[in-house]
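Just add 40 to wherever you are in the sequence shown, counting from 1, and you've got the numbering used here.
Structure record follows, encoded as structure tokens.
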Amino acid sequence: MKATPSAQLDLLRVQALDTRLAQLAHRLGALPQTAELAELATRDDVQRRARAEALGALEDIRTELGRIESDVQIVEARIARDGERLTHTSSMKDVTALESELVSLRKRLSDLEDQELVVMQRAEDAERVVASIDEERAAIAADRLRLEGERGDAASALDADRVAAERDREAVAGLVPDDLLAFYEQRRTRGGGVGAALLRQRTCGGCTITLTGSDLERVRRAADDDVLQCPECDRILVRTDESGL
Numbered sequence: 041m042k043a044t045p046s047a048q049l050d051l052l053r054v055q056a057l058d059t060r061l062a063q064l065a066h067r068l069g070a071l072p073q074t075a076e077l078a079e080l081a082t083r084d085d086v087q088r089r090a091r092a093e094a095l096g097a098l099e100d101i102r103t104e105l106g107r108i109e110s111d112v113q114i115v116e117a118r119i120a121r122d123g124e125r126l127t128h129t130s131s132m133k134d135v136t137a138l139e140s141e142l143v144s145l146r147k148r149l150s151d152l153e154d155q156e157l158v159v160m161q162r163a164e165d166a167e168r169v170v171a172s173i174d175e176e177r178a179a180i181a182a183d184r185l186r187l188e189g190e191r192g193d194a195a196s197a198l199d200a201d202r203v204a205a206e207r208d209r210e211a212v213a214g215l216v217p218d219d220l221l222a223f224y225e226q227r228r229t230r231g232g233g234v235g236a237a238l239l240r241q242r243t244c245g246g247c248t249i250t251l252t253g254s255d256l257e258r259v260r261r262a263a264d265d266d267v268l269q270c271p272e273c274d275r276i277l278v279r280t281d282e283s284g285l
């Protein structure tokens, strides 16, 4: 393949811009906020599951408390009814029976009220657990909002650099012959993003091998417009006054 030395130098400029674009893409994917946001998402998922468990426990406690409160109401109603009957009966037998039942009912009511206090305390503790989780999730949400803003600002700056580099790349690529550019793209795909390298002091800038012997002699004998490739990495070798030939 033939290409003027000027076109080959332009190809090096294309390579430099492609390298710049790859670096920008890497920096965009490696923004520190991205990792922090992923960590926050993990923490929030843990807290979300903990909240679901805490709410389930709280609901069970509230159900138990509701049952006790219902029992309290029933016992209080029976105490009120028996107390009313006691004031309106003249039968000693009924009085004795009602008084005995009232003693039992008041004992039952006292036990229920003790249970109610215990369960109410458990409900308050469970509510505090849920509230604590909600506070933690709110803090996580605030951190996420802040980090998303910071990442957005950083990404905007990188994106502006990317747009400028793409614009420059398009302009420089327009100076390179189509066949050379297509060959470069093939080499770049196979070369891990590097398709053309400067030969400096007989050393390939792509794989850093130093040319010697017949390889060096072949390069020295080549015409200025010959498109050469590194014998080691197969990338396009671009010669300049720095090549040491």
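Just so you know, even glycine gets a beta-carbon here, dropped at the ideal spot from N, CA and C.
Rounded to whole angstroms, L238 and I180 show a C-alpha spacing of 50 Å. When the Cα atoms are used, R102 and R91 turn out to be separated by approximately 16 Å. For the beta strand (DSSP E) assignment, the segment 118-183 encloses no uninterrupted run of at least 3 residues.
One Cα belongs to L71, the other to A81, and the distance between them is close to 16 Å. Only residues of its own chain outside the window of five on either side were considered, and among them none has a CB closer than 6 Å to the CB of T248. CA-to-CA, the gap between R258 and C273 works out to about 16 Å. A direct Cα-to-Cα measurement between R279 and A195 gives close to 37 Å. The beta-bridge partner set that DSSP reports for C244 consists of L239. Contact between D219 and M41 holds: their C-beta atoms lie close to 7 Å from each other, under 8 Å. A direct Cα-Cα distance of roughly 6 Å separates D264 from P45. At a Cβ-Cβ threshold of 8 Å, L138 and L126 count as neighbours. Secondary structure note for R230: its alpha helix (DSSP H) is the uninterrupted segment D218 to R230.
Considering only V54, R60, S283 and D84, the residue with the shortest C-alpha distance to A178 is D84. In the structure shown, D264 falls within a coil segment according to DSSP collapsed to helix, strand and coil.
Taken through DSSP and simplified to helix, strand or coil, R275 comes out as coil. In this model, Q155 and D122 are separated by some 23 Å (Cα to Cα).
Annotated as distal: E116 and V159, with beta-carbon spacing of 8 Å or more. Under the rule that a run must span 4 or more residues, the alpha helix (DSSP H) segments found entirely inside the segment 41-96 read 45-69. Under the Cβ criterion (8 Å, minimum of three pairs), the segment 195-215 counts as touching the segment 47-56.
Excluding residues up to 5 positions away in sequence, R242 and T243 lie with their Cβ nearer than 6 Å to the Cβ of T250 in the same chain. Excluding residues up to 5 positions away in sequence, nothing lies with its Cβ nearer than 8 Å to the Cβ of E79 in the same chain. Below 8 Å, too few C-beta pairs join the segment 105-115 and the segment 186-204 to call them touching: fewer than three. For T103, the three-state secondary structure derived from DSSP is helix.
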